[in-house]
């Protein structure tokens, strides 16, 4: 069974074609500048086919999907002989609200429900919906499955997901904490259980997804009981450009003093804050590491704040679960920054954690970076959201 995984953005579309018999990626690529001019990079990963990396016209997502199918099936760049070999498509969808606690086969009714969730993720869901419609237009009756970033967090209890505002805002408007990065947290927690050789139902895991966008999840017995992002992905940890948790009074103060409207204020909080705003250097943690090494105090402060917040939130989740068996680092910073992992792990001495410096220097592989005598295991696990989407798609389509 071969499954095409699609992650559609407003002007981009990432994809992977996965052979589910081996769970190997056959090809992957990225369509960029959709609706502007267009560029496609397509990389075959089986055989000795060349990479396609050129500007091509991509006026809409439908043309982007058609270009992907053409490259996947072409004699020069292809990895399958025809579109008939693609058995199903799995779509990443950012927000499923309370309607979707698991992945679903996409139907007209599901599409209508996705439209209703658009106000919760106005920058993401419309692009996801556009990608689904484009695939349906180009691929016809090929079954499609929606996999939601928010679904994994639907197991949170009311005491964790409710805000302390008048209850009618939840009843009437769905105002609550939803959480994001759920597909990533789900993958790495499951992989952590495999590496420990224990059923996930017996484990308490803190999953730290650390990248330009960052979130932490408390996973007890395989179910999320709390997570750091909220109604939107803006809150929780300070991130690349997002502010994280912030007193709402600060927003009122800045808006009143500088005559800023709400749209401009949200742009500041989403795109000009986080470690970029504190450091004045960059949202890229590699740049911050370099600047801090050269004596830039604000860059060091931004890093210190990020490490502190990860440790603080992770510690609160240890309390929420009344213990922890493993802590997992994943995503861009979590997988690649040994200095950030080491700095964060220094806060975990009370858990009996000691980091193995040699293991912590490895990259691109599943590895336990805590010493054998550590009471709590610490892992680095590269995330694989596409594989989760493909597995869900296979399971749902096979039940159809």
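In this note's numbering, the protein residues as written are 10 to 409. C-beta: ideal position from N, C-alpha, C; glycine also.
Could you tell me whether the region 80-88 touches the region 35-49, using the rule of 3 or more Cβ pairs below 8 Å?
yes
Looking only at its chain, what residues have a beta carbon closer than 7 Å to the beta carbon of residue 81, apart from the 5 residues adjacent to it on each side?
26, 36, 87, 88, 89
Below 8 Å CB to CB, which residues in the same chain sit around residue 261 once its five sequence neighbours on both sides are set aside?
none
Three CB pairs or more closer than 8 Å across the region 364-378 and the region 387-397
yes
Backbone CA spacing between residue 120 and residue 399 [nearest angstrom]:
20 Å
Could you pull the start and end residues of the beta strand (DSSP E) that residue 25 belongs to?
22-28
Local Cβ density within 10 Å of residue 213, reported as buried at 16 or more and exposed below that
Around the beta-carbon of residue 213, 16 or more other beta-carbon atoms lie within 10 Å, marking it buried.
Using a threshold of 9 Å, state whether the C-beta atoms of residue 340 and residue 218 are closer than that.
In contact: residue 340 and residue 218 (Cβ atoms closer than 9 Å).
Reduced DSSP secondary structure (H/G/I, E/B, other) of residue 128:
Reduced to three states, the DSSP call for residue 128 is helix.
Distance, residue 112 Cα to residue 74 Cα
The straight-line gap from Cα to Cα measures roughly 22 Å.
Just mark residue 242 as buried or exposed, buried being the case when its beta carbon has 16 or more other beta carbons within 10 Å.
buried
Give the secondary structure of residue 407 by DSSP, where H, G and I count as helix, E and B as strand, and everything else as coil.
Of the three classes helix, strand and coil, the one that applies to residue 407 here is helix, per DSSP.
Can you tell me whether DSSP reads residue 379 as helix, strand or coil?
In the structure shown, residue 379 sits in a strand (DSSP, three-state: E or B).
Check whether residue 188 and residue 170 have beta carbons under 9 Å apart
yes
Using a Cβ-Cβ cut-off of 6 Å (strictly less than) and excluding sequence neighbours within five positions of residue 50, which residues of its own chain qualify?
38, 39, 62
Could you give the first and the last residue of the continuous alpha helix (DSSP H) run that contains residue 278?
271-280
CA-CA distance, residue 208 and residue 394?
21 Å
Assign residue 304 to one of two classes, buried (16 or more other C-beta atoms within 10 Å of its C-beta) or exposed (fewer than that).
exposed
Pick from 310, 337, 235: whose alpha carbon is nearest that of residue 326?
235
Residue 83 to residue 137, Cα distance in whole Å?
26 Å
Measuring CA to CA, which of 143, 123, 144 is closest to residue 134?
123
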